Each structure stands twice: as structure tokens, then as C-alpha cells.
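Participant: This is the structure, below, for whatever I ask next.
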Amino acid sequence: MLLSVLICTVGFKERFFPYKDAVIKIETTAESSPSSAGKEITIKEAINNGITMDLTGANMSGDWTAEEGVLTNAGTRKGAFLEFRAEKAKSLLIHFPKGDNCGILQLCLNDKPLQKIDLYGTEGVEYEWEYTGSRYFALFEEMFLFLTIFFLCAGLLGGAAGISMYIKKKGWKVFLTGKVIGAAIYLAVMWGLMGLLAVMQDKNAVFEWHGLGIKKFLVFYGVGSIVVFIWLLLFREWLKNRKWSAAVHRAARIAALVFMPVISFYVLEKMQGGSAFDLPARAIAGNLLLYYLVYLVLFGLLRRYKVSLLAGGSFFLIWGIVNFFVQSFRGNPFLARDLLLLKTAFSVADNYVYAVNQKILLAASILLMCGLLIMFLEEVKWKRKRVVCLAGIGGSVAGIAVFFILFFNTSFAKIAGAGLNWWSFSAFYQEEGVVFSFAAYAQELIVKEPEGYSRENVEEVLEKYRQEAGMDGGMSEDKRPNIITIMNESFADFSMFSDKEYLKECTPFLHSLKENTVKGSLLVSNFGGGTCNTEFEYLTGNSMGFYPNTIPYQQYVLDDMPGLVSGLNAQGYRTIGMHPFWPDGYNRSQVYDFFGFDEKYFVEDYTQRNALRGFVDDESDYNKIKELYESKNSDERLFVFNVTMQNHGGYERGGMDYTVEVNDYDGNVTAVQEYLSLVKKSDEAIGQLTEYFQNQEEPTVIVFFGDHQPKLQDDFFVYLLGAEYDNTTLEEYQQYYEVPFFIWANYDIEEAENVELSTNFFSAYVLDCLGLQKSAFQNFLLDVRQEVPLMNSKGYRGEDGEWYYYNEETEYSEILKLYKNIEYYDLFDTKNRDDKYFTADSGND
-5 MLLSVLICTV
5 GFKERFFPYK
15 DAVIKIETTA
25 ESSPSSAGKE
35 ITIKEAINNG
45 ITMDLTGANM
55 SGDWTAEEGV
65 LTNAGTRKGA
75 FLEFRAEKAK
85 SLLIHFPKGD
95 NCGILQLCLN
105 DKPLQKIDLY
115 GTEGVEYEWE
125 YTGSRYFALF
135 EEMFLFLTIF
145 FLCAGLLGGA
155 AGISMYIKKK
165 GWKVFLTGKV
175 IGAAIYLAVM
185 WGLMGLLAVM
195 QDKNAVFEWH
205 GLGIKKFLVF
215 YGVGSIVVFI
225 WLLLFREWLK
235 NRKWSAAVHR
245 AARIAALVFM
255 PVISFYVLEK
265 MQGGSAFDLP
275 ARAIAGNLLL
285 YYLVYLVLFG
295 LLRRYKVSLL
305 AGGSFFLIWG
315 IVNFFVQSFR
325 GNPFLARDLL
335 LLKTAFSVAD
345 NYVYAVNQKI
355 LLAASILLMC
365 GLLIMFLEEV
375 KWKRKRVVCL
385 AGIGGSVAGI
395 AVFFILFFNT
405 SFAKIAGAGL
415 NWWSFSAFYQ
425 EEGVVFSFAA
435 YAQELIVKEP
445 EGYSRENVEE
455 VLEKYRQEAG
465 MDGGMSEDKR
475 PNIITIMNES
485 FADFSMFSDK
495 EYLKECTPFL
505 HSLKENTVKG
515 SLLVSNFGGG
525 TCNTEFEYLT
535 GNSMGFYPNT
545 IPYQQYVLDD
555 MPGLVSGLNA
565 QGYRTIGMHP
575 FWPDGYNRSQ
585 VYDFFGFDEK
595 YFVEDYTQRN
605 ALRGFVDDES
615 DYNKIKELYE
625 SKNSDERLFV
635 FNVTMQNHGG
645 YERGGMDYTV
655 EVNDYDGNVT
665 AVQEYLSLVK
675 KSDEAIGQLT
685 EYFQNQEEPT
695 VIVFFGDHQP
705 KLQDDFFVYL
715 LGAEYDNTTL
725 EEYQQYYEVP
735 FFIWANYDIE
745 EAENVELSTN
755 FFSAYVLDCL
765 GLQKSAFQNF
775 LLDVRQEVPL
785 MNSKGYRGED
795 GEWYYYNEET
805 EYSEILKLYK
815 NIEYYDLFDT
825 KNRDDKYFTA
835 DSGND
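Read left to right, the sequence shown gives residues -5 to 839 (the numbering used here).
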């Protein structure tokens, strides 16, 4: 026995022999977050075993500077490195200061790439990297591992002896058929799954678990499973004839019933990359309630104790694995809406490389080991099976009823406190838990069919407009203009509301536009944020007025959707979506695919970019448009839809010159001056882009508009507009939703000023101005605009000049009801939707 322990101990030499030296290499990558103004890498200190190291004598390559022991590299050249050796590294800490101008570094351990670290962040905050190395065997420090090895050896020896005695007593046949086969199959499946996950592990990841590599982990896990199986088998046989056998089994069953949902909760959060018990108390309670309801329903349906627990554990294990891969591939977790897209998911599944990390391996091992333990519990033998059957059905019905009562009568978003996070699903999952978040977002998918909705009536109306669209011949190919659409982040012209001179100075180019220009004010549906809703209205023609307080990009655009993009595709345009920020924001990357863009460009595609306050500036953004224009074929026509980032909120970032001075406002002048200075730079940049296309021979149109007004302090808007945001009439309230727009061409077009539009009508209006083919739906929108010139998520203005809420019965209610029915047909009745009504060449088939 002692010899066995000694042999195993030698096998774990990385844990039981002296601490090894750690060779650390820190490399510059010349990469940075799009929000960062630079790529600087700073190393404040390295502490090995509690002692601060002197890194000034380390092996260095590149331009490192040292000041009071702090090492800094500008990070602009890839491959500059600093390498040092930490002797007998028991505990190694490295502190990296964060900042607005910091970049991304590559950390290597013992000549192996370990991880990339992004140091962009708040000044004064530090990133702490910690390493725990291999060390001498210490009995008390490593008691768990020592006892594990001891019992592994004892289990193998004792188990072998016990099985030998069992076989002598009962015979091989009873042993094999009665005890081994079922558990052996489970062990094979369990170990096979763990092996499969291990094979799928990311080859670039470093797998460490108590000093074990991936191969040792599998051996350890497999042998451990067999030992546990042997001991449970023997213990169960030994327990059979004891007086307290029934009490032990009863206690074990209760414990499994109580703790299995908790374990499932812990494991699923672990797979998501979070920690179950670090969540807020309300989130823990909400998640656990849903877990217990799932197990209750399974128990009621299956009416077998062990099968129910195994089914529940398997269900949540599969959920965790699916969620992990969806998160890895798409950047967003598994959502209820994905259930509507299973066919698409299966069709593209072969295109991905499946790789797991150690968290999912360990989490899966926990659930699988729990399954092994459950298998050795005695199944409950019900005396009154009919009663049990009815009770089971009742339990299932009760569980389902409780869930539906909660689902349809309780707002999970309100329980979450701050509401749903529509910018980042992943962040909400981390903050509120996987199952609770899944249910919360699922609630938002419920959309009721409008009263009196009829697909036949909708198609009858659209068919009439389709015939009109067919009679509109459109424009010949050689005369089609390039269309450059700029939706400028938070761009507002406050001189629309005030005659203060410094406000007029912000947008001199905008005000100078006269020739070949249509310009005016645009009514949008959001204030201070929600950029994607303005995109949605412009690109589809649908109105947020019928579905306010939603994010269609995240909730409703779940598959291919015809609209402006598909219509221009059909007319021979090369369509391009651009946004110099991350592709996962508001699910843009996937939505742009659904809209039909031929190409899409996000921040990583802007190889030549300048940052202003941490965001790509408008000039760099527009230079990318010029690059695409200059590289296209001469017979191609471009439709570019560009969403800028320069003016994004947080208007006290600094890092820029304030070129606008505010002298008669007593509030937070810094934020206002920063914002107005940004608007002035945007005005200059769009002026330069317009000048560039003025000198091009190809007919080109620039469509420019703001996505929403900025979120500045409330008293500034009271000072500017004379009305508080939450204490106004509807007409006054709409001032918060007005932004400027213009349509400019480098050839002759009919000019107009003071045009009033709302975003849902805007793209149809643009096509009409340019003489391009319109779809049936776009022709319908132009007719609606005659009766309801302006509408957004808050209300609408009728032809009579009065403002109304949507719940008021007015002379415009019928046309708005028809509009809502068509929008429902487009967004939600997708199985029956005929795309020809929403595609601009629909009259030509």
C-alpha cells in the first residue's frame, strides 16, 4: 500500500517537488481597443514570493523606458519584449497600470503564449496577473491531493479484494449482469464525453488543474471515476442488511433532490464563465426557482426519481455546452430566439471549429460525477402507483403553471432592477445568471397579433402599391448614383432651437449647403442612445411607434429581412455596411447579414485609423469610404451605410481641444464644450467628404443625419429648449428627438429646405428624390406621410398640425392601423410574408 502511494507521489512530481522557476515574457502586439487613444504598455512591478523584483536588468528588446522602477513601451511596434526569470516561483504577481492610451500585450509563460491582456481602462486602476507555480510537497497544504492519491490506491487494492470476495459469493454472472454492465456503460459514456471535450480543447489554451496537464487530468478523472464506482458498489452491498439502510438511502435521496438543482446552477454559471454565488441575492433566488421548477416538471412527467435527476442534470449540461459554443462562435449567449433558428444553425454547424476550455471540462466532470452517484441511489418503490401517477401529473401541471404565471404576469426585466441590457447580452447573463436571463429575454419575444389583422387584407393593399411600383420605371443603370449614407453618432444642431451664436458656429458647413441639396429636420425615436433603432427605421421603413421600448435588432430581426438594402441589391448596387466599433454591439454583424449587405466593415477592418477620446474619428471613418470608392470597378455603384462613433457619449473624456466656448451657461460647461467641439469636427469632416465627391465624375449622393441627440445634463436642455424632459407637452417633448439631415448630390437635383421627416419615411423619401425604383411598401409609406407627416416612438403629428398619442382615436387611426398590420406582416408573420412587396424591384417580375 505504501509502495503504491509512493509510486503515485512520484508521478505527481510537479506538485511534490521544489517550486520551479518561471520564465515570463511580455510582448507588445501593436494592438489596442478601439476605445484607446494609444498602444502603450506599462509594467509597474513584479513581486515574486512577496519580494519586489528589479526588472530594469531584464532581457529587453525595443524602446523600453524606466522611471523609478516602472517600465513603459509605446507599443507601436509589434514584437518588442521584456523577459525575466522568477526563481522558485511560488507566488508571482505582476501589476500593469491601465489607462486611456494603453494597448494590448501578449503574456508568455515558459516560452508558451498564455494570454493577451487589454490594458485600456480607467486611469489609476491596475490589472493584476497572478501565477502560482509548482512546489514542494507539503502534507498539510496538499492534504486534499494526498488523501485523493491515498484513497485511489486504497480503492484499487481494497476494491479488487472486495470484488474478488463478491464474485466468490455470488458468482461472475450475477456480478456482471446485476451490477457492472449499467454502471460500466455510464462510465464509458462519461469518460468518452470528457475525452471528446479534451480533444476539442483549444490547442492554444494552457490547461492547468492542480498542476495537471490535460492527459494527466483525463487519467486522474477516469481512474477516480472507477474507484468511486467500486467503493459505491461495495458500500451499497455492505449497507443492504443494516438496520439503518433505509434511513441512509432516504437521506441520500433528499440530499440529491435538494442539491442537484443547486449543482446544476453552479455548473451552468461556471460554463458561462461566471460564479453562481457571486450573483446578487435576487438573481440567485430567481435562478434557483427556475431550476427547481424544471426538476419538478421532470419528476412529474417521468415519475422515476433517479431518471428525473439524471435527465435534469443532462438537460442543464447540454444547455451549458450549447451556450458555451454559441457564445464562442457568435459573441452572444444562447437565447430563446435561437430556438427559432435551429434549422439555420444546423445548416452552418460544420463551418465552425469546436474548442473548449478547462472551465467547461471541469464543470462537465462535476455533473457527470453527480450522475454516477445518483445511479447508486435506490429507486423509490411506490406502493400506490396510480396515486403516484396522478401526483406526478399534478406536480408537472403545477410546475408548468407556476412558470407560465411568472412568465406572463411578472416582468423579469423589472426584477433585474436596471432592466435588460440590449447592448450586451453576455454582460446581462454574467450579472443575472444564465437561466434567469434566458427567461427574461424570452419574455420580450412575445408579440400579440394586432386586432383585426388579416394577411389577405395586407397583401391586397400591398398588391395595389406593387402595381404602382411596377409602372415606375426607375433609373437607367448608367445614371444611377453612388449613395453614401452617413448616420452620425449623437449629431445634433442645437441652433435649430436657439439663436445663440456659438451654436451656429458648430455647424458652418451644414448651414452653408444650398446647391443640389435637400435638408431639414429628422424626427427619430430615441434620445441619448438606442442608435440601432434609428438604423432599423431607416433601413426597413418600419416604425418604432408600434413597438416602443424594444430593440428590434436584438428581438425581432431573426432571419433574412427585405428592405432598403435588398432593394438596392436587386437594382445592381454593391451594398456595404460600416461601423468603426465592435461587430457584436446590438448584434449588428448578424443583422447586417439578415438585411443582405454584400460586405460589412467593423473596427478591426480600419487598418488606418485615428482615435479621438478613444473612438475612431469621423475623418478616419470617411477615409475608409474613399478607399472603398477608389478600389471599386468603374461600372459598379455603391450603397454605403455608415454608422460613425466619434461623438459617442461620455462627454468628459478629455484628450481633445475645445474649439467651442460656452459663456452663458452655469452648469457643467466642460461636458457641453466637449460635445459641441466634437460636432464641429464632424461638420468639418463631412465637409471634406462632400468636397472629395464634388471632384469625382461619377454621380454620387451623400445622405447625412444624426442618430439621436446626446445625453447631456438635464439643466442644459432646460436652458436650451425651455422645457424639462419629463414635464412637457407632447409637442415640446418632441424637440428632444429632432436632429438635422441633408441629401446632397454632385449633380443637379431639385433643392429644398426646412423639410420635415421622420426616420421611418426617410429612405423611401431618398429613393423618391433620386428617381430610383421603390418597393410597394415604400410607396405605401409615402402615402402615409401625406396624412401623418411625422411619427416616432412617442407619438405622431397629423396633417392638421396637431400632435397625438397612439392610444387616441383620431381621423388618422385607420391609416396607422393599416401601417401597423403591414409592419406586423413584415416583422412577425414571416412564414407567410411575400418579400416581393418589400423589395424595390418588385414591380419588374
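Backbone N, C-alpha and C fix where the C-beta goes; we use that ideal spot for every residue, glycine too.
Every value quoted in this text rests on a predicted model; they were computed, and no experiment measured them.
Which residue from L87, L333, A24 puts its Cα closest to that of N845?
Facilitator: The structure shown does not extend to residue 845, since the chain is modelled only from -5 through 839, so no value can be given for it.
Participant: Rounded to whole angstroms, how far is the Cβ of V654 from the Cβ of Q667, which I believe are closer than 8 angstroms?
Facilitator: Right, their Cβ atoms sit about 6 angstroms apart.
Participant: Compute the Euclidean distance between the alpha carbons of Y114 and E34, then round it to the nearest angstrom.
Facilitator: Straight-line Cα distance between these residues: approximately 9 angstroms.
Participant: By a C-beta neighbour count over all protein chains shown, 10 Å radius and 16 as the cutoff for buried, is N657 buried or exposed?
Facilitator: That one is exposed.
Participant: Would you list the residues sitting across from V695 in a DSSP beta bridge?
Facilitator: For V695, which the question treats as bridged, DSSP gives the partners I477, A739.
Participant: Is it true that the CB of L562 sits closer than 9 angstroms to the CB of A358?
Facilitator: Contact flag unset, no.
Participant: Can you grab the Cα-Cα spacing for the pair I368 / P274, in whole Å?
Facilitator: Distance between the alpha carbons of I368 and P274: 30 angstroms.
Participant: Give the secondary structure of M555 by DSSP, where H, G and I count as helix, E and B as strand, and everything else as coil.
Facilitator: In the structure shown, M555 sits in coil (DSSP, three-state: anything other than H, G, I, E or B).
Participant: Under three-state DSSP, which class holds V119?
Facilitator: DSSP places V119 in coil when its eight states are reduced to three.
Participant: Helix or strand or just coil, what does DSSP make of N636?
Facilitator: Strand, per DSSP.
Participant: To which residues of the same chain is F309 closer than 8 angstroms at the C-beta, ignoring the five residues directly before and after it?
Facilitator: Hits under 8 angstroms: V288, L292.
Participant: Less than 8 angstroms between the CB atoms is what I'm expecting for M572 and F485, so what's the real figure, rounded?
Facilitator: Wrong, their Cβ atoms sit about 16 angstroms apart, outside the cutoff.
Participant: Tell me which residue opens and which closes the alpha helix (DSSP H) that C763 is part of.
Facilitator: Its alpha helix (DSSP H) spans residues 753 to 764.
Participant: Find the nearest neighbour of T638 within the set Q688, I619, E630, judged by alpha-carbon distance.
Facilitator: Of Q688, I619, E630, the residue nearest in Cα terms is I619.
Participant: Out of curiosity, what's the CA-to-CA distance linking G566 and K626?
Facilitator: Roughly 14 angstroms between the two C-alpha positions.
Participant: Alpha carbon to alpha carbon, how far is K513 from S745? Give it in angstroms, no decimals.
Facilitator: The question names Ser, but residue 745 is Glu in the sequence shown. Each residue's alpha carbon lies about 8 angstroms from the other.
Participant: Keeping to the same chain, check which residues put their C-beta closer than 6 angstroms to that of D592; ignore five residues upstream and five downstream.
Facilitator: Closer than 6 angstroms at Cβ, skipping near neighbours: R568, T569.
Participant: For F540, collect the residues of the same chain with a Cβ closer than 7 angstroms to its Cβ; drop the 5 residues on either side in sequence, then sort them by chain order.
Facilitator: The answer, listed in chain order, is K814, E817.
Participant: Among L456, Q729, S29, whose alpha-carbon lies nearest the alpha-carbon of W797?
Facilitator: Looking at the Cα atoms, Q729 is the closest of the given residues.
Participant: What residue from I743, I737, V663, E726 has the CA that sits closest to D889's CA?
Facilitator: Outside the modelled stretch of the chain, which goes from -5 to 839, sits residue 889, for which no answer is possible.
Participant: Pull up the distance between the alpha-carbon of L622 and that of G590, whole angstroms please.
Facilitator: About 18 angstroms.
Participant: With a cut-off of 8 angstroms on the beta carbons, I'd call I18 and E77 a contact; round off their distance for me.
Facilitator: 7 angstroms between Cβ atoms; contact.
Participant: Any idea what DSSP makes of Q195, helix, strand or coil?
Facilitator: Unreliable positioning characterises Q195 in this predicted model, as indicated by a pLDDT of 47, which lies under 50. The coordinate reading is nonetheless provided below. Coil at Q195, not helix or strand.
Participant: With a threshold of 8 angstroms on Cβ separation, who are the neighbours of R827 within its own chain once the five nearest residues in sequence on each side are excluded?
Facilitator: The residues are Y819, D820.
Participant: Going by C-alpha distance, which of S769, L262, G795, S506 is nearest E781?
Facilitator: Looking at the Cα atoms, G795 is the closest of the given residues.
Participant: Go to C102, then tell me how far its alpha helix (DSSP H) extends in each direction, as first and last residue.
Facilitator: Segment 98 to 103 is the beta strand (DSSP E) holding C102; no alpha helix (DSSP H) there.
Participant: Taking just the CA atoms, how far does A24 sit from E136?
Facilitator: Unreliable placement is indicated for E136, whose pLDDT of 45 sits below 50; the coordinate value is still reported in the next sentence. Distance between the alpha carbons of E136 and A24 is about 42 angstroms.
Participant: If you drop the 5 nearest sequence neighbours on each side, which residues of the same chain put their C-beta closer than 6 angstroms to that of C526?
Facilitator: The answer, listed in chain order, is Y547, Y580.
Participant: Helix, strand or coil for W58, going by three-state DSSP, please let me know.
Facilitator: Looking at W58 - three-state DSSP - the assignment turns out to be strand.
Participant: Candidates G700, K811, I41: which alpha carbon is nearest E443's?
Facilitator: That would be K811, whose Cα lies nearest to the Cα of E443.
Participant: Look up F609 in the DSSP assignment and give the residues it is bridged to.
Facilitator: Answer by DSSP bridge pairing, in chain order: L606.
Participant: Compare the C-alpha of G523 against each of S431, K84, N482, S258 and name the closest.
Facilitator: With distances taken between Cα atoms, G523 lies closest to N482.
Participant: Can you check the stretch 752 to 827 for any alpha helix (DSSP H) of at least 4 residues that lies completely inside it and give the ranges in chain order?
Facilitator: Complete alpha helix (DSSP H) runs here, min 4: 753 to 764, 770 to 781, 807 to 821.
Participant: Do the CB positions of V256 and G314 come within less than 9 angstroms of each other?
Facilitator: No, the Cβ-Cβ distance between V256 and G314 is not below 9 angstroms.
Participant: Taking Cβ positions, are S515 and S787 nearer each other than 9 angstroms?
Facilitator: Not a contact, by the Cβ cut-off of 9 angstroms.
Participant: Rounded to a whole number of angstroms, what is the C-alpha to C-alpha distance between G267 and F575?
Facilitator: Those two C-alpha atoms are separated by around 24 angstroms.
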